[in-house]
Amino acid sequence: MHHRARTFLFFILICIFCIGTPLVVLFSQGYRFDIKQKKIVQTGALHIKTKPSSAAIAINGKQKRIRSSRFLYSGTVFRNLVPGNYNITISSSSSLPWEKNISIEPSLVTKSTHVALPLSPPPTKTLFTSTSTFRYIASTNDEAFLVSSDKKSLFSQSLNDTSQKQIFPISTATTTLEKSEIILSAFPSASTHNTLVNTNKKSYVISNGETISLEKPLQTIANQNKAPVSRLLWHPFDDAILFGFTSSANYWIHLPDMTIGTFLKEKIIGWSSAGSRAYFLSAQGTLYEFSTQLQPTSTPLTTIDPTLFSRFPLAIHALGDNRFVIHEPSGILLLIDIPSLHSELVDTAVKHLVISSDASRMAYLTNDNQLSAYSLEPTVDDSIYSQYEKIRLADIPENANPLAIYFANDNWYLVLPTEWGAFITEIDKRLPLNLWVISFEKKIVPVAFRSQDAALIWQMDSTFSASRLLP
Numbered sequence: 045m046h047h048r049a050r051t052f053l054f055f056i057l058i059c060i061f062c063i064g065t066p067l068v069v070l071f072s073q074g075y076r077f078d079i080k081q082k083k084i085v086q087t088g089a090l091h092i093k094t095k096p097s098s099a100a101i102a103i104n105g106k107q108k109r110i111r112s113s114r115f116l117y118s119g120t121v122f123r124n125l126v127p128g129n130y131n132i133t134i135s136s137s138s139s140l141p142w143e144k145n146i147s148i149e150p151s152l153v154t155k156s157t158h159v160a161l162p163l164s165p166p167p168t169k170t171l172f173t174s175t176s177t178f179r180y181i182a183s184t185n186d187e188a189f190l191v192s193s194d195k196k197s198l199f200s201q202s203l204n205d206t207s208q209k210q211i212f213p214i215s216t217a218t219t220t221l222e223k224s225e226i227i228l229s230a231f232p233s234a235s236t237h238n239t240l241v242n243t244n245k246k247s248y249v250i251s252n253g254e255t256i257s258l259e260k261p262l263q264t265i266a267n268q269n270k271a272p273v274s275r276l277l278w279h280p281f282d283d284a285i286l287f288g289f290t291s292s293a294n295y296w297i298h299l300p301d302m303t304i305g306t307f308l309k310e311k312i313i314g315w316s317s318a319g320s321r322a323y324f325l326s327a328q329g330t331l332y333e334f335s336t337q338l339q340p341t342s343t344p345l346t347t348i349d350p351t352l353f354s355r356f357p358l359a360i361h362a363l364g365d366n367r368f369v370i371h372e373p374s375g376i377l378l379l380i381d382i383p384s385l386h387s388e389l390v391d392t393a394v395k396h397l398v399i400s401s402d403a404s405r406m407a408y409l410t411n412d413n414q415l416s417a418y419s420l421e422p423t424v425d426d427s428i429y430s431q432y433e434k435i436r437l438a439d440i441p442e443n444a445n446p447l448a449i450y451f452a453n454d455n456w457y458l459v460l461p462t463e464w465g466a467f468i469t470e471i472d473k474r475l476p477l478n479l480w481v482i483s484f485e486k487k488i489v490p491v492a493f494r495s496q497d498a499a500l501i502w503q504m505d506s507t508f509s510a511s512r513l514l515p
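Take the sequence shown: its letters are residues 45 to 515, numbered as in the numbering used here.
Next up, the structure:
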């Protein structure tokens, strides 16, 4: 090879090295040439996690992945995406689709890790069918309380299988209802081992297969106070203690020996518990914390303007660390954060409220069917939510009439049961918001929501069924 040719070849190789090396380095760091902008840009990534894991993912209409379900599925990451807006659609057979417009930022990983596709139609399992007619009155996580059509018998129905038993009156017990006596309500204790049963004439406690009449202690309280007990409430963690409220004084009842004592000689208009702590709000607006001793002692925490409220009792939700959400029957929703000295009138027309199990957020539906979420704590997840941030989610159709709100999918989804099915939506600031409708062929009576498998428990005539709404 001639000297001139070798020099030229050497020069070409030097140019390739000088130009190619930076390009290789830029490529390895996620830089790409953006045809639209006609320049080199740093790319981003998208992390998506779906339920079911076999769902198909499409980006801007182009299918990118169909993955069969596998053990320890941690999601799918799409790398080297040029910054910009992308339309993401996710679908699966026998499920309703999910769609979101997502912005990809340079050198950042954008996440959508709470995607759960509602099952349609939802798989339904019959819990039990009876020849008798029952009316649902209360439930815990594992059982529902049903009263017979004549309101003379109370049954416990498992929400996990078909087992059912009569718990009141107990057939082997001597307690019987008077001819005109009917069952009005039932409330389980914190441990769910005991049950308080109220009739139109008396109150009873069902404990360890025995029926305990509260007629004697309640009559003693009425004689001492010159007024009857208006409400009975379980101690937050002690199954042996009931609280009794009257118009001017309040009492505790120790069930084993039926002893009674007084506490807080003020009218109570709201109450709550968190862990081993009990809280009461007096008509004067003082919020008290009570000790967990047999004879409770009160400690005032804060004062709330009592003129804010016109209807009672108030629903008080203790969030822990002296933070409270107060919901008045007329619709007032109030947040009290004592350590942060923060109080806020969140809304004035709330008809349904739910607070997440970790007390990080709440959701509520107003009288005009506006569904909103509210961040009780700062949260960094798929999006960033600041503390006390309100997010308007959706307008539910006026004729839908949701009967309650439940959290699902790790507290990132909301389920609103109706007489004809359920609405399901997500908590996400990014648009469009996914709002799904699950429809049943016939009218139902929603009973409860089983969060562990996202199953709606419902009644139709004498049949109780469970429909799984989410995978």
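Every residue, glycine too, gets a C-beta built ideally from N, C-alpha and C. Computed from a predicted model, the values in this text were never measured in an experiment.
Inter-residue spacing [alpha-carbon to alpha-carbon] between residue 514 and residue 166:
8 Å
So is residue 131 buried or exposed if we call it buried at 16+ other beta carbons inside 10 Å?
exposed
Alpha-carbon to alpha-carbon, residue 342 and residue 452
36 Å
Would you mind sorting residue 390 into buried or exposed? The rule is 16 or more other CB atoms within 10 Å of its CB.
Classification of residue 390: buried, given that the 10 Å Cβ count is 16 or more.
Determine the burial state of residue 344: buried for a count of at least 16 other Cβ atoms within 10 Å of its Cβ, exposed for fewer.
exposed
Expressed to the nearest angstrom, what Euclidean distance is found between the alpha-carbon atoms of residue 70 and residue 153?
Legend: pLDDT at residue 70 = 49, less than 50; position of this residue unreliable, value from coordinates given subsequently. About 18 Å.
Quick check on the DSSP output: the alpha helix (DSSP H) that includes residue 333 runs from which residue to which?
Premise fails: residue 333 lies in the beta strand (DSSP E), 330 to 334, not in any alpha helix (DSSP H).
For residue 471, which of helix, strand or coil comes out of DSSP?
coil
Got a sec, what are the start and stop residues for the beta strand (DSSP E) residue 144 sits in?
142 to 148
Starting from residue 91, follow its DSSP beta bridges and name the residues at the other end.
121 and 155
Cβ neighbour criterion (16 or more within 10 Å) applied to residue 187
buried
Could you check what DSSP says for residue 96 in three-state terms: helix, strand or coil?
Coil, per DSSP.
Could you work out which residue in 141, 90 and 120 is closest to residue 126 when comparing CA atoms only?
90
Can you list the beta strand (DSSP E) stretches of 3 or more residues lying completely in the region 298 to 322, in chain order?
303 to 307 and 312 to 318
In terms of alpha-carbon separation, which member of 373, 209, 163 and 361 lies closest to residue 319?
Minimum Cα distance to residue 319 is reached at 361.
Would a C-beta distance cut-off of 7 Å place residue 356 and residue 313 closer than the cut-off?
yes
Beta-carbon proximity check, residue 145 vs residue 129, cutoff 7 Å
yes
With distances taken from CA atoms, which of 274, 138 and 384 is nearest residue 431?
384
Put residue 445 into one of helix, strand or coil per three-state DSSP.
Of the three classes helix, strand and coil, the one that applies to residue 445 here is coil, per DSSP.
Can you tell me the Cα-Cα spacing of residue 380 and residue 317, whole angstroms?
15 Å
On the CB-based measure, 16 or more other CB atoms within 10 Å of its CB, does residue 87 come out buried or exposed?
buried
Indicate, with yes or no, if the ligand PLP has a heavy atom lying under 6 Å from the CB of residue 135.
As for the ligand PLP, it is missing from this structure, which has no ligand bound.
On the three-state DSSP scale, how would you describe residue 210?
strand
Do the CB positions of residue 466 and residue 482 come within less than 7 Å of each other?
yes
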